[in-house]
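Numbering-wise (our numbering), the sequence shown opens with residue 15 and increments by one. Before any comments, here is the structure.
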Amino acid sequence: MKTFNYHSAKDSKEAKKLSSSNSAFLAGGMTTIPSMKLGLATYKDIIDIKNIKKLSGISVSGKSIKIGATTKHTEVANSKEIKKTIPSLSSLAEGIGDPQVRNRGTIGGSIANNDPAADYPSACLALNAVIHTNERKIEASKFFKGMFETALKKGELIETVEFQIPEKSSYQKYPNPASRYAIVGVYVAKHKSGVNVAITGAKPCVYNDKDLAKALVSSFSSNSISGMEVNSSNMNSDIHASAEFRASLVVTQAKKAVEAC
Ligand SMILES: Cc1cc2nc3c(=O)[nH]c(=O)nc-3n(C[C@H](O)[C@H](O)[C@H](O)COP(=O)(O)OP(=O)(O)OC[C@H]3O[C@@H](n4cnc5c(N)ncnc54)[C@H](O)[C@@H]3O)c2cc1C
Numbered sequence: 015m016k017t018f019n020y021h022s023a024k025d026s027k028e029a030k031k032l033s034s035s036n037s038a039f040l041a042g043g044m045t046t047i048p049s050m051k052l053g054l055a056t057y058k059d060i061i062d063i064k065n066i067k068k069l070s071g072i073s074v075s076g077k078s079i080k081i082g083a084t085t086k087h088t089e090v091a092n093s094k095e096i097k098k099t100i101p102s103l104s105s106l107a108e109g110i111g112d113p114q115v116r117n118r119g120t121i122g123g124s125i126a127n128n129d130p131a132a133d134y135p136s137a138c139l140a141l142n143a144v145i146h147t148n149e150r151k152i153e154a155s156k157f158f159k160g161m162f163e164t165a166l167k168k169g170e171l172i173e174t175v176e177f178q179i180p181e182k183s184s185y186q187k188y189p190n191p192a193s194r195y196a197i198v199g200v201y202v203a204k205h206k207s208g209v210n211v212a213i214t215g216a217k218p219c220v221y222n223d224k225d226l227a228k229a230l231v232s233s234f235s236s237n238s239i240s241g242m243e244v245n246s247s248n249m250n251s252d253i254h255a256s257a258e259f260r261a262s263l264v265v266t267q268a269k270k271a272v273e274a275c
């Protein structure tokens, strides 16, 4: 690992001031530290945001849940408020990685990183999330731009993620047995305004499957999507799963999710 300057920011303003074109925020460090150790990333400045109190915590108000960016996966998994209002979100958090990862990794770090196989990005799309940063509010549908790419500008800090509480929802992941990342994960959410079917793991970036959603708006039952085929031509293919297998998993996991709602 190359040498770097370590800073601990006391608030979002200081974090922004310390950031540069060659810096990274340190939340759980579950991605940043291994990337630095492996020499995949080097930074001049590491800005620790864990001591910014405002960035952590969970609050429920009316139709939405707000989760602070440095809230750990294990806190989301164990939150009574989330279990009561969006149980699918707490079970998603419970299925991330292993206990070590869940005790350090954060929701803000996960969505800022936008790994193509990460779980939270699908929750953001399915639950019409709004990402509150130190500069603006970004709708989830405009936040995830491509593989490891988001709408965040350099030095822009996620402060909270606000999820809309759905009528019903379920997240069904077919995990990689080693890392627990999603080979394919499908998050189905039924809102008053419609249905979202968000898919992670299948393509280079999380996306909403409009065809599956349309079929479920007509009739919210697994029969209405049974037999549907998903185009595999632009899907990920690797040693873990072919594009064709991923395409079939999208429908299988979507059916499971609808049945579990
Ligand atoms: C072995 C292993 C297994 C895993 N399995 C899974 C899995 O099954 N599912 C899954 O979804 N994930 C999985 N992960 C990822 C993990 O859950 C973390 O969420 C992820 O690594 C990043 O979160 P972090 O808090 O550690 O971020 P960091 O590593 O601290 O930061 C990652 C990036 O996000 C940026 N960042 C962090 N916080 C903010 C913020 N508030 N605002 C703006 N930018 C920010 C940083 O600058 C950095 O670029 C796994 C990781 C490991 C190591």
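Each residue gets a CB set at the ideal place from its N, CA and C atoms; glycine is no exception.
- G241 sits in coil when the DSSP states are folded into three classes, being neither helix nor strand.
- Y57 carries a coil assignment under DSSP once its states are collapsed to helix, strand and coil.
- In terms of Cβ geometry, A274 and L171 do not form a close pair [threshold 8 Å].
- Segment contact: the stretch 85-105 against the stretch 48-61, fewer than three CB-CB distances shorter than 8 Å; contact not assigned.
- With a 10 Å radius around the Cβ and a threshold of 16 neighbouring Cβ atoms, Q114 comes out exposed.
- As a beta-bridge residue in DSSP terms, I145 pairs with I152 and V175.
- The three-state reading of DSSP puts D223 in coil, since its state is none of H, G, I, E or B.
- A271 places its beta carbon less than 8 Å from that of Q186.
- If you look at K97, you'll find it in the alpha helix (DSSP H) that goes K94 to T99.
- Scanning the stretch 29-80 for uninterrupted beta strand (DSSP E) segments of 3 residues or longer gives 37-40, 59-62 and 72-75, listed from N- to C-terminal end.
- For N210, the beta-bridge partners assigned by DSSP are A203.
- For the 8 Å CB-CB criterion, I100 and S183 form a contact.
- Of the candidates V74, D129 and A83, A83 places its Cα closest to the Cα of D62.
- Counting along the chain, K187 sits inside the beta strand (DSSP E) bounded by residues K182 to P189.
- Contact check between the stretch 61-76 and the stretch 16-24: three or more CB pairs, one atom from each, fall below 8 Å, which counts as touching.
- Straight-line measurement puts the Cα of I179 at about 17 Å from the Cα of H146.
- With a threshold of 16 other beta carbon atoms within 10 Å, R150 falls short and is exposed.
- Taking the CA atoms as reference points, G123 sits about 12 Å from L69.
- Put simply, the backbone Cα of E176 is about 11 Å away from that of A137.
- Annotated as distal: N148 and S246, with beta-carbon spacing of 8 Å or more.
- Assigned with DSSP and collapsed to three states, S22 falls in strand.
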